[in-house]
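Beneath this line is the structure, given in structure tokens, with notes to follow.
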Amino acid sequence: MAAQIRTVTGDIDPLELGPTYCHEHLLTRPGEHLVSADADLMLDDAERACAELNDFRDNGGRALVEVTTPEFGRDLDGLKRLSERSGVAVIAAT
């Protein structure tokens, strides 16, 4: 079997990866106990995230590793929509 990179929109060939950010947080919705201590932990503006992904893509970026964990409010459906809209491959942490 050929090597594959699993993204939120499906598997891609490693040669498609291109320039990649290796540690990003696009959408996070941590618990209230965390947000009440630091509101900047909440990243739930999909339009802003998409604009930033578009800038990344327009400057040569092709992929990123989104490392938000489930207990910190990872949104796989939201990440898939962002990837589809921007054309940037998003690899979600497990």
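Using the working numbering, you'd call the opening residue of the sequence shown number 3 and step up by one each time. Glycine included, every Cβ here is placed at the ideal spot set by N, Cα and C. All of these numbers come straight from a predicted model, not from anything done at the bench.
Taking only the alpha-carbon atoms, compute the straight-line gap between residue i and residue j and give it to the nearest angstrom.
i	j	result
Leu28	Gly12	18 angstroms
Thr22	Asp60	13 angstroms
Arg64	Phe74	25 angstroms
Glu26	Leu66	7 angstroms
Arg87	Arg31	21 angstroms
Leu43	Gly89	25 angstroms
Gly20	Pro72	27 angstroms
Asp77	Glu18	24 angstroms
Val37	Gly62	33 angstroms
Glu34	Ala41	9 angstroms
Phe58	Thr70	19 angstroms
Looking only at its chain, what residues have a beta carbon closer than 7 angstroms to the beta carbon of residue i, apart from the 5 residues adjacent to it on each side?
i	result
Gly80	Leu29 and Ala48
Lys121	Because the chain is modelled from 3 through 96, residue 121 falls outside the range shown and cannot be assessed.
Asp46	Leu29 and Arg31
Cys24	Val67
Since residue i contacts residue j with CB under 8 angstroms, what's their CB separation in whole angstroms?
i	j	result
Ala39	Leu84	Contact doesn't hold; Cβ gap of about 27 angstroms is too wide.
Ile103	Glu68	The chain is shown from 3 up to 96; residue 103 falls before or after that span and cannot be answered.
With a CB to CB cut of under 8 angstroms and the five nearest residues on each side skipped, what residues in its chain are close to residue i?
i	result
Pro16	Ala5, Gln6 and Ile7
Taking C-beta to C-beta, are residue i and residue j nearer than 7 angstroms?
i	j	result
Ile14	Ala95	no
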